[in-house]
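Undergrad: Under the UniProt record's numbering, the residue at position 211 of the sequence shown is numbered 211, and the numbers go up by one with no gaps.
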Amino acid sequence: MLSAYVLTRNSERLLEKVLRPLLAVADEVLVLDSGSTDRTLDIARGLGCRIEQSTFEGYGAQRQKAQWLCSHDHVLFVDSDEIMSEALVEAVRSLKASGFPEDAYAFRREWIVLGRPVRAFYPVKSPDFPIRLLNRTRSSFASARVIHERPSGQRSVAVLDGPLFHDTFHSPEEFSRKLDSYSRFGGQDLLERGRSAKPAPVAAVGALIAFVRWYVATGSWRDGKVGLMAGVFACRYTYRKHVHARRLARGTDQSGPVEPTPEPVVPRRPAGLDSRTG
């Protein structure tokens, strides 16, 4: 048996396209929502998904909560802007028939920004390989970071055939919203890991280095306007996370609740990754 879940907040844009592949392969689809005010819940309810509500306290904590709200030990999860291809659905279906022999499975995630495939978008190169299916008795988010979260505990990981399309940053407004969300969580993450915020001049130098790395070194300059956005995002995020970390350390960050947005994954394959479909 297989459960699936999606974390949502005001996720109506792509939600039906995200949920339908999950419904095609999972025995249960859970939507864990953190205060949507758009049509998110109506869409999920209309498709027959189970809905739960929870205050958003960070990506790792929210994923762990969703994982244990599921009815079955094998759990499939995607972000609210990640759409499984037909080939990937078939790969999961075949894997389900074989009984899920590995502890976890990674998907080949291809990034699409403003409707265009890209070579990279901070902090990953495209494609990247996040774990998106796991046995919760062997792999969990219990110790995951507040951002850039990854499951731990799994001893065996396989890559499934078929792409997972990450259709993100569809407008300048979303760009600004996610930049603010990520940088605020990035500042919190710095402090939780015992690291201090860099002084503004040092952070500014780091931001310029990030721009060069993610715009020039990754080849994003060949992606035109979208590539420039990748460089600008890396630059601003790198600087702003230190701004928020300083404010948090002083107790002066008055930002309101952070809207959850799809998490980026460190651009490397998990240890022990192979290319089997199970």
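No residue lacks a Cβ here, since even glycine has one placed at the ideal position from N, Cα and C. These numbers were taken from a predicted model, which means no experiment stands behind them.
DSSP on residue 248, reduced to helix/strand/coil?
TA: DSSP places residue 248 in helix when its eight states are reduced to three.
Undergrad: Straight-line CA distance for residue 256 to residue 149?
TA: Here residue 256 scores only 45 on pLDDT, less than 50, and its place in the model is too uncertain to base an answer on.
Undergrad: Quick one: Cα of residue 52 to Cα of residue 33, how far?
TA: Roughly 6 Å separates the two Cα atoms.
Undergrad: Indicate whether residue 240 and residue 179 have their beta-carbon atoms separated by less than 9 Å.
TA: For residue 240 and residue 179, yes; Cβs fall inside 9 Å.
Undergrad: Our contact map puts residue 244 next to residue 184 with C-beta atoms below 8 Å; I'd like the distance itself, whole angstroms only.
TA: Between residue 184 and residue 244 the Cβ distance is about 5 Å, and since that is below 8 Å, they are a contact.
Undergrad: Would you mind stating whether residue 31 and residue 41 have Cβ atoms separated by less than 9 Å?
TA: The answer is yes: Cβ separation under 9 Å.
Undergrad: Could you give the uninterrupted runs of the beta strand (DSSP E) lying entirely in the segment 116–164, keeping only those of 3 residues or more?
TA: For the segment 116–164, whole beta strand (DSSP E) runs of length 3 or above, ordered along the chain, are 131–135.
Undergrad: Where does the unbroken beta strand (DSSP E) through residue 109 begin, and where does it stop?
TA: Segment 104–113, the beta strand (DSSP E) holding residue 109.
Undergrad: Distance check for residue 96 and residue 137, CA to CA, integer angstroms please.
TA: Rounded to the nearest angstrom, the two C-alpha atoms are 17 Å apart.
Undergrad: Any idea which residues DSSP pairs residue 182 with across the strands?
TA: The partner list for residue 182 (beta bridge, DSSP) is empty, contrary to what the question assumes.
Undergrad: So who's on the other strand from residue 53, going by DSSP bridges?
TA: 33.
Undergrad: For residue 45, count neighbouring Cβ atoms within 10 angstroms of its own Cβ and tell me buried if that reaches 16, exposed if not.
TA: It counts as exposed.
Undergrad: Determine, using beta carbons only, whether residue 210 and residue 182 come nearer to each other than 9 Å.
TA: No, Cβ-Cβ distance for residue 210 and residue 182 is not below 9 Å.
Undergrad: Identify, in the order they occur along the chain, each residue of the same chain with its Cβ nearer than 6 Å to the Cβ of residue 235, setting aside the five sequence neighbours on each side.
TA: Taken in chain order, the residues that qualify are 207, 210, 211.
Undergrad: For residue 73, which residues in the same chain have their Cβ closer than 7 Å to its Cβ, ignoring the five residues on either side in sequence?
TA: Contacts found: 135, 136, 137.
Undergrad: Quick one: grab the DSSP three-state call for residue 174.
TA: Residue 174 falls in the helix class under three-state DSSP.
Undergrad: Using DSSP with H/G/I as helix, E/B as strand and the rest coil, what is residue 74?
TA: Note: residue 74 maps to strand in three-state DSSP.
Undergrad: Sort 82, 204, 38, 116 by Cα distance to residue 21 and report the nearest one.
TA: Comparing Cα-Cα distances from residue 21 to each of 82, 204, 38, 116, the minimum goes to 82.
Undergrad: Quick one: is residue 158 buried, meaning 16 or more other Cβ sit within 10 Å of its Cβ, or exposed?
TA: Per the 10 Å Cβ criterion, buried.
Undergrad: How is residue 207 classed by DSSP in three states: helix, strand or coil?
TA: The answer is helix: DSSP assigns residue 207 an H, G or I state.
Undergrad: Could you tell me the distance, in whole angstroms, from the CA atom of residue 250 to the CA atom of residue 202?
TA: Cα to Cα, residue 250 sits roughly 19 Å from residue 202.
Undergrad: Under DSSP, the alpha helix (DSSP H) around residue 5 begins and ends at which residues?
TA: Element bounds for residue 5: not the alpha helix (DSSP H) but the beta strand (DSSP E), 2–8.
Undergrad: Would residue 60 be called buried (16 or more neighbouring beta carbons within 10 Å of its own) or exposed?
TA: Per the 10 Å Cβ criterion, buried.
Undergrad: For residue 168, which of helix, strand or coil comes out of DSSP?
TA: Residue state, collapsed to three classes: strand.
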